[in-house]
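Below is one structure, written out as structure tokens; the observations come after it.
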Amino acid sequence: MEWLSDTLNIKTSGKGLYSFNDDINTKIEQWSVSQGMAFLFVQHTSASLVVNENYATSARRDMERFLERIAPEGESWQEHTLEGKDDSPAHLRTMITLSSLSIPIDNGKLNLGTWQGVFLAEHRQRGQRRNVLLRVLKVQ
Amino acid sequence: MEWLSDTLNIKTSGKGLYSFNDDINTKIEQWSVSQGMAFLFVQHTSASLVVNENYATSARRDMERFLERIAPEGESWQEHTLEGKDDSPAHLRTMITLSSLSIPIDNGKLNLGTWQGVFLAEHRQRGQRRNVLLRVLKVQ
Amino acid sequence: MEWLSDTLNIKTSGKGLYSFNDDINTKIEQWSVSQGMAFLFVQHTSASLVVNENYATSARRDMERFLERIAPEGESWQEHTLEGKDDSPAHLRTMITLSSLSIPIDNGKLNLGTWQGVFLAEHRQRGQRRNVLLRVLKVQ
Chain A
73 MEWLSDTLNI KTSGKGLYSF NDDINTKIEQ WSVSQGMAFL FVQHTSASLV VNENYATSAR
133 RDMERFLERI APEGESWQEH TLEGKDDSPA HLRTMITLSS LSIPIDNGKL NLGTWQGVFL
193 AEHRQRGQRR NVLLRVLKVQ
Chain B
73 MEWLSDTLNI KTSGKGLYSF NDDINTKIEQ WSVSQGMAFL FVQHTSASLV VNENYATSAR
133 RDMERFLERI APEGESWQEH TLEGKDDSPA HLRTMITLSS LSIPIDNGKL NLGTWQGVFL
193 AEHRQRGQRR NVLLRVLKVQ
Chain C
73 MEWLSDTLNI KTSGKGLYSF NDDINTKIEQ WSVSQGMAFL FVQHTSASLV VNENYATSAR
133 RDMERFLERI APEGESWQEH TLEGKDDSPA HLRTMITLSS LSIPIDNGKL NLGTWQGVFL
193 AEHRQRGQRR NVLLRVLKVQ
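Protein chains in written order, with the numbering used here: chain A, 73 to 212; chain B, 73 to 212; chain C, 73 to 212.
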């Protein structure tokens with residue numbers, strides 16, 4: 073078995089879900105990994121990981137709306153608002169989604185379901201550059 | 073170290089939490105794994121993974137009720153309802169639970185806490201067949 | 073590659089987020105791991121894992137408040153309250169946060185982002201002793 077590492081840098085243009093399947097699969101191909109495991113870890117506290125519907129954009133828009141509603145901005149009990157009213161909700165939305173993911177690799181790519189995509193969820197108002205650590209355990 | 077793979081197929085009969093500890097432990101035993109790591113990945117966008125109380129059925133019912141309340145059906149802002157009013161909420165409930173899990177194996181089985189179970193959470197109204205990818209890194 | 077295992081025992085003094093980066097990094101140092109992967113698994117159904125802001129305590133307090141609000145105590149629909157009104161909400165808060173985590177190790181420690189901490193989230197009113205299984209795949 074072999075260990076491969078890289079950091080994916082994902083540019084966001086503000087709040088929303090950004091699919092990055094292709095960035096991961098490109099690395100897997102460059103590394104000639106046929107079978108193994110991909111580990112993702114997002115190095116931020118106001119951005120997170122989501123695996124969900126990658127086909128209908130209406131599903132993605134509903135997920136974005138839901139994040140706005142479940143942890144709304146501008147609530148009186150929010151104390152951590154030094155950087156703006158999107159600051160505290162960004163941490164809360166990070167907390168209820170994913171910080172790490174492990175996805176099997178088979179036949180030279182992520183073994184996702186038909187409709188699945190891997191998304192970087194940006195929770196801040198302004199665009200950012202986000203680091204996602206990619207580690208691959210290569211079996212074949 | 074050795075790499076073992078299989079796909080678990082879980083039949084659901086509509087919304088709810090379905091424990092599948094036994095399916096995983098059966099595989100671990102068939103593969104004669106004493107120590108290692110089990111990786112689970114659900115290949116769907118309207119079903120997800122949950123680790124929680126496996127003893128009292130009242131806890132499971134409260135979790136099911138909570139999922140109905142936290143991402144309710146029939147909200148006016150939901151746009152992705154082509155397949156029915158359970159469609160969009162199914163994606164939202166998937167988003168706030170788990171898509172992948174990594175669980176240590178010791179003494180020939182999942183090293184779960186006393187009250188823990190691993191559940192497939194079905195978020196669609198109708199029963200489905202759900203694929204969960206099982207990968208095991210066998211140490212011993 | 074080498075497989076290392078231990079159980080971290082975290083003492084809580086009631087509800088809240090408890091950072092335990094240092095416990096993990098101490099083990100990594102004792103094991104002389106330079107590069108690899110750390111896997112965490114919490115063996116409880118009323119405590120969970122969170123990766124989030126470790127710097128401003130106001131962010132931590134907002135996360136704690138949010139957990140109280142998103143799955144409140146004393147709701148009439150909650151059935152699983154045998155051990156108290158914090159019982160059912162503890163399971164619900166566990167369900168929407170994390171049960172397992174995988175974090176890359178580089179340069180002899182967890183490769184976290186600048187502001188990130190790993191937290192044990194205690195969801196019960198009374199203090200507990202919580203077990204977190206730590207497994208490390210040592211590459212170097």
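For every residue, glycine included, the Cβ atom is placed at its ideal position computed from N, Cα and C.
N- and C-terminal bounds of the alpha helix (DSSP H) containing residue i
i: D178(C); result: From DSSP, D178(C) is part of no alpha helix (DSSP H) but of the beta strand (DSSP E) over 172 to 178.
i: N97(A); result: 93 to 102
i: L139(B); result: 129 to 142
i: L164(B); result: 159 to 167
Residue environment, residue i, which counts as buried when at least 16 other CB atoms sit within 10 Å
i: D94(B); result: exposed
i: R132(A); result: buried
i: T169(C); result: buried
i: K157(B); result: exposed
i: E140(A); result: exposed
i: G86(B); result: exposed
i: N179(B); result: exposed
i: N183(C); result: buried
Closest by C-alpha distance to residue i, when choosing among the options
i: S160(B); options: V204(A), E136(A), G156(A), H152(A); result: E136(A)
i: K181(B); options: L89(B), G86(B), I100(B), L76(B); result: I100(B)
i: Y127(C); options: M167(C), G189(C), G146(C), M109(C); result: G189(C)
i: T84(A); options: N203(A), V204(A), F138(A), E194(A); result: E194(A)
i: W75(C); options: G86(C), L184(C), I82(C), A110(C); result: A110(C)
i: M167(C); options: S120(C), S77(C), Y90(C); result: S120(C)
i: E145(B); options: L112(A), D134(A), S104(A); result: D134(A)
i: S91(A); options: D178(A), L209(A), L192(A); result: L192(A)
Whole-angstrom distance between residue j and residue i, CA atom to CA atom
i: W187(B); j: V123(B); result: 10 Å
i: Q102(A); j: T79(A); result: 14 Å
i: M73(C); j: L154(A); result: 45 Å
i: T98(A); j: V211(C); result: 23 Å
i: T129(A); j: Q200(C); result: 44 Å
i: Q115(C); j: S106(C); result: 27 Å
i: G108(A); j: E147(A); result: 44 Å
i: E151(B); j: F138(A); result: 11 Å
i: R207(B); j: L112(B); result: 7 Å
i: S104(A); j: I177(A); result: 11 Å
i: L89(C); j: S172(B); result: 23 Å
i: Q197(B); j: R196(C); result: 32 Å
i: N81(C); j: T117(A); result: 25 Å
i: I96(A); j: R165(C); result: 31 Å
i: R175(B); j: W149(A); result: Arg is not the amino acid found at residue 175(B); the sequence shown has Ile there. Cα to Cα, the separation comes out at about 36 Å.
i: L209(C); j: L209(B); result: 10 Å
i: A143(C); j: H163(B); result: 20 Å
i: S77(C); j: G185(C); result: 24 Å
i: R202(C); j: R202(A); result: 32 Å
i: L205(B); j: E125(B); result: 22 Å
First and last residue of the uninterrupted beta strand (DSSP E) at residue i
i: T79(A); result: 74 to 83
i: A119(C); result: 119 to 125
Reduced DSSP secondary structure (H/G/I, E/B, other) of residue i
i: S106(A); result: coil
i: L184(C); result: coil
i: K210(C); result: strand
i: L89(A); result: strand
i: G156(A); result: coil
i: R196(A); result: coil
i: G146(C); result: coil
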